[in-house]
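Under our numbering, the residues of the sequence shown are numbered 15 to 284, in order.
We put the CB at the ideal spot given by N, CA and C, even for glycine.
Quantities reported herein were computed from a predicted structural model and do not represent experimental measurements.
As structure tokens, the structure follows; a few thoughts come after it.
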Amino acid sequence: MQVPPQHATWAQIRRTAATLEEMGVDLLLNWDHFFPLSGDRAGLHFECWTMLGAWAESTESVEIGALVTCNSYRNPSLLADMARTVDHMSGGRLVLGIGSGWKQLDYDEYGYEFGTAGGRLDDLARDLPVIRDRWTRLNPPPTRDIPILIGGGGEKKTLRIVAEHADIWHGFGDPEEITRKHRVLDEWCARRGRDPLEIERSAGVAFVPGRNPDQTGDYANNAEQLHALGTRLFTASVAAADPDLARVRDLLQWRDEVNARQARAEVVPG
Numbered sequence: 015m016q017v018p019p020q021h022a023t024w025a026q027i028r029r030t031a032a033t034l035e036e037m038g039v040d041l042l043l044n045w046d047h048f049f050p051l052s053g054d055r056a057g058l059h060f061e062c063w064t065m066l067g068a069w070a071e072s073t074e075s076v077e078i079g080a081l082v083t084c085n086s087y088r089n090p091s092l093l094a095d096m097a098r099t100v101d102h103m104s105g106g107r108l109v110l111g112i113g114s115g116w117k118q119l120d121y122d123e124y125g126y127e128f129g130t131a132g133g134r135l136d137d138l139a140r141d142l143p144v145i146r147d148r149w150t151r152l153n154p155p156p157t158r159d160i161p162i163l164i165g166g167g168g169e170k171k172t173l174r175i176v177a178e179h180a181d182i183w184h185g186f187g188d189p190e191e192i193t194r195k196h197r198v199l200d201e202w203c204a205r206r207g208r209d210p211l212e213i214e215r216s217a218g219v220a221f222v223p224g225r226n227p228d229q230t231g232d233y234a235n236n237a238e239q240l241h242a243l244g245t246r247l248f249t250a251s252v253a254a255a256d257p258d259l260a261r262v263r264d265l266l267q268w269r270d271e272v273n274a275r276q277a278r279a280e281v282v283p284g
């Protein structure tokens, strides 16, 4: 579940994170922007990695990460050190979500060169090996091989970078678009000599109307469609100031049903 760090106090964000962990969420996500992405653009907003450090201390079992860190905002060796530190603070629960960046307001207001989409992707491809190399030289090293999640769907550059560097790919779109992206990613893996099954597939889950006649809608229909396509990490968003926990429960119930179904299928008759 993603908790956008916008339009809420820190107390509300921390309380929502704790509630989601108690409910059994697997991965708790924020985002790496400097201003709200919706509503009042001058509204309350907090920084990504400071928050991840706080979550590392205020949670116990849930994995944490950003969907996604902007590669442009931090020197790659510094980012590697930050990620290693949060990895230790959390007891090995960090997922490094990263992307090339896109929100020009953030760049302009904070003094980063915006450049071009292609240039930012080239920077990401250049910096990911630097991050991995820095992890090998830090003392102490990370507690585990920190999973790298890359977000984005560009078929010429982004998915090539995913094939070369990612443990998890996060995409956006309806099932038809996700199907095409999976196919393109598999093709890039073949070109790079990588087993496509090494890359976990992730996607955002839409709130789809009409599963049950007495409900306005739920997440499970869309999640089931994505699961059939090979998606195994499902993300949805809740507002920290007023989280819709009913929708969270719906998605968690679906997850548990799928896991139970899978466990039954794996039982071999004696």
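Judged by beta-carbon spacing, A254 lies within the 8 Å limit of T30, meaning their Cβ atoms are closer than that value.
Of R134, P156, I175, E74, the smallest CA-CA separation from P143 is found for I175. DSSP, read as helix, strand or coil, puts H21 in coil. For the options R246, G168, N153, V252, the alpha carbon positioned closest to that of D270 is the one of R246. Across the set R28, V39, H21, the C-alpha of V39 shows the shortest separation from the C-alpha of Q267. In this structure, V262 is the residue among P257, M96, V262 with its C-alpha nearest to the C-alpha of F248. If the five residues before and after A94 are omitted, its C-beta is found closer than 6 Å to the C-beta atoms of I145, R148, W149, all from its own chain and listed in chain order. Note that the stretch 104 to 118 touches the stretch 163 to 170; at least 3 beta-carbon pairs, one per stretch, sit closer than 8 Å.
Nearest in C-alpha terms to A68, of all of C84, D54, L42, is L42. The stretch 168 to 193 is shown to contain whole beta strand (DSSP E) runs of 3 or more residues at 182 to 185, in chain order. In this structure, D46 places its C-beta atom within 8 Å of the C-beta atom of C84. Per the C-alpha coordinates, the member of T73, Y126, G53, F128 positioned closest to D101 is T73. By the Cβ-count criterion, R205 is exposed, with fewer than 16 other Cβ atoms from all chains shown falling within 10 Å of its own Cβ.
Close CB contacts of S104 within its chain, under the 7 Å cut and outside five residues either way in sequence, are with A70, I78 (chain order).
Burial is judged here by how many other beta carbons sit within 10 angstroms of a residue's own beta carbon; V281 has fewer than 16 and is exposed.
The beta-carbon distance between I192 and L240, rounded to whole angstroms, is 6 Å. This is short enough to meet the 8 Å contact definition. The DSSP-derived three-state label of S86 is helix.
Listed as beta-bridge partners of I78 by DSSP are L42, L108. Distance check between P189 and each of L34, M37, G244 places G244 closest, using alpha-carbon atoms only.
For I145, the secondary structure class from DSSP, reduced to helix, strand or coil, is helix. Rounded to whole angstroms, G53 and S91 show a C-alpha spacing of 34 Å. Selection R158, A177, Q118, D200 evaluated against A139 yields A177 as nearest (Cα-Cα). The Cβ atoms of A80 and L58 do not sit closer than 8 Å to each other. Counting of Cβ neighbours within 10 angstroms places R151 among the exposed residues, the total staying below 16.
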